[in-house]
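> Chains as they are written, first to last, in my numbering: chain L, 1 to 183; chain Z, 184 to 231. Below you will find the structure I want to go over with you.
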Amino acid sequence: MSSGAVKIPEFLQHYWLAGKIYFLHETAYYIFPPGLDITIRWYPEEEDKVYLIFALSFGTPRNYITDEVMYTDKAGFWHRGLGMRWHWDPLVESITGVVYPHVTPALKEEPFELRMYNYTDTPIYLDISVWFFEMDKKTFKEIISSLTGYFKFYRLINEVFTLEPEEVEAIKKKLLGLLQEKV
Amino acid sequence: MGDHRMPISKSPEIEKALKEGKLVVIRGRNDIKIRIEPKDRIYVVERK
Chain L
1 MSSGAVKIPE FLQHYWLAGK IYFLHETAYY IFPPGLDITI RWYPEEEDKV
51 YLIFALSFGT PRNYITDEVM YTDKAGFWHR GLGMRWHWDP LVESITGVVY
101 PHVTPALKEE PFELRMYNYT DTPIYLDISV WFFEMDKKTF KEIISSLTGY
151 FKFYRLINEV FTLEPEEVEA IKKKLLGLLQ EKV
Chain Z
184 MGDHRMPISK SPEIEKALKE GKLVVIRGRN DIKIRIEPKD RIYVVERK
């Protein structure tokens, strides 16, 4: 069973509060037959929408015949999305036992993909929840711009702290000059 | 504290789909779109 709570990324909280993005999760049981090799792709139908996936969570994998807990590295899924490389997620405790964090936008042209496999001779099932916010592309770009702003701001602060006092004074004078030009 | 977990749904239709090698998905009926390829290798049970 996934441990801990699913957390909303801080940079999304005020957009949610302002009603600019919409919270959703999709929860389902998946029963993997032996020999399974199938790909699930997640993406919004509309071209101007983005699903920003921020977590996956899992139930305990179980043997479909007996309902007993069944951890195995012979079943699981290959997985990728925007900003992610393909990687193998077996149905083992270190994967299914955590809330699996993501910051992965799924677009119509760039889906979030799970390629499911079962190399055992037993049907296995588990529940999977995909947690995300739906938004339009304009809002998504706004969020990315605000993050870029934070990054630049803190980089600037860092640079200021590494400067000699006279260099800081020179920057101040330059900034004041620019402000006066604008006024 | 006992284990109050209900066993997963089992039905002849699910058993048949598994024997045919289909992925079985048991989900709520909603508007969230998921594409599964190839489509003929999935059996979906939608909860109302």
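Ideal Cβ positions, reconstructed from N, Cα and C, are used throughout, including at glycine. All of these numbers come straight from a predicted model, not from anything done at the bench.
1) So with CB distances below 7 Å, who are the chain Z contacts of M116(L)?
2) Count the other CB atoms within 10 Å of the CB of I38(L); is the residue buried (16 or more) or exposed (fewer)?
3) Within 7 Å of any Cβ in chain Z, is that where the Cβ of I31(L) sits?
4) So if I threshold CB-CB distances at 8 Å, which residues from the region 119-145 of chain L count as touching chain Z?
5) Roughly how many whole angstroms lie between the Cα atoms of V99(L) and Q180(L)?
6) Near P33(L), what residues of its chain come up, given a Cβ to Cβ distance below 7 Å and the 5 sequence neighbours on each side ignored?
7) Would you kindly work out how many angstroms separate the C-alpha atoms of L82(L) and E169(L), rounded to a whole number?
8) What residues from chain L crowd round R212(Z), counting only those whose CB sits closer than 7 Å?
9) Have a look at the DSSP bridge pairing and note the partners of E110(L).
10) Have a look at L107(L), F112(L), G59(L) and E68(L) and flag the residue whose alpha-carbon is nearest the alpha-carbon of M84(L).
Inspection of the coordinates gives the following:
1) For the purposes of this step, residue 116(L) is taken as the residue at position 116 of the first sequence. Correct list: L206.
2) Within the first sequence, residue 38(L) is the residue found at index 38, counting from 1. Around the C-beta of I38(L), 16 or more other C-beta atoms lie within 10 Å, and the residue is accordingly described as buried.
3) Locating residue 31(L) in the first sequence gives position 31, where the first residue counts as 1. Answer yes: the Cβ-Cβ gap between I31(L) and chain Z drops below 7 Å somewhere.
4) Result list: P123 and Y125.
5) Position 99 of the first sequence, counted from the start, is the residue given in the question as residue 99(L). Position 180 of the first sequence, counted from the start, is the residue given in the question as residue 180(L). One alpha carbon belongs to V99(L), the other to Q180(L), and they sit about 52 Å apart.
6) For the purposes of this step, residue 33(L) is identified with residue 33 of the first sequence, where counting begins at 1. Beyond the five residues adjoining it in sequence on each side, P33(L) comes within less than 7 Å, by CB distance, of N118 and P123 in the same chain, given in chain order.
7) For this step, residue 82(L) is matched to residue 82 along the first sequence. For this step, residue 169(L) is matched to residue 169 along the first sequence. In a straight line, the C-alpha of L82(L) is about 43 Å away from that of E169(L).
8) For the purposes of this step, residue 212(Z) is identified with residue 29 of the second sequence, where counting begins at 1. Per Cβ cutoff of 7 Å: no residues; R212(Z) is ~11 Å from chain L at best.
9) Translated into positions along the first sequence, residue 110(L) becomes position 110. DSSP links E110(L) through a beta bridge to L107(L).
10) Taking the first sequence and counting its residues from 1, the one referred to as residue 84(L) is at position 84. Comparing Cα positions, the closest option is F112(L).
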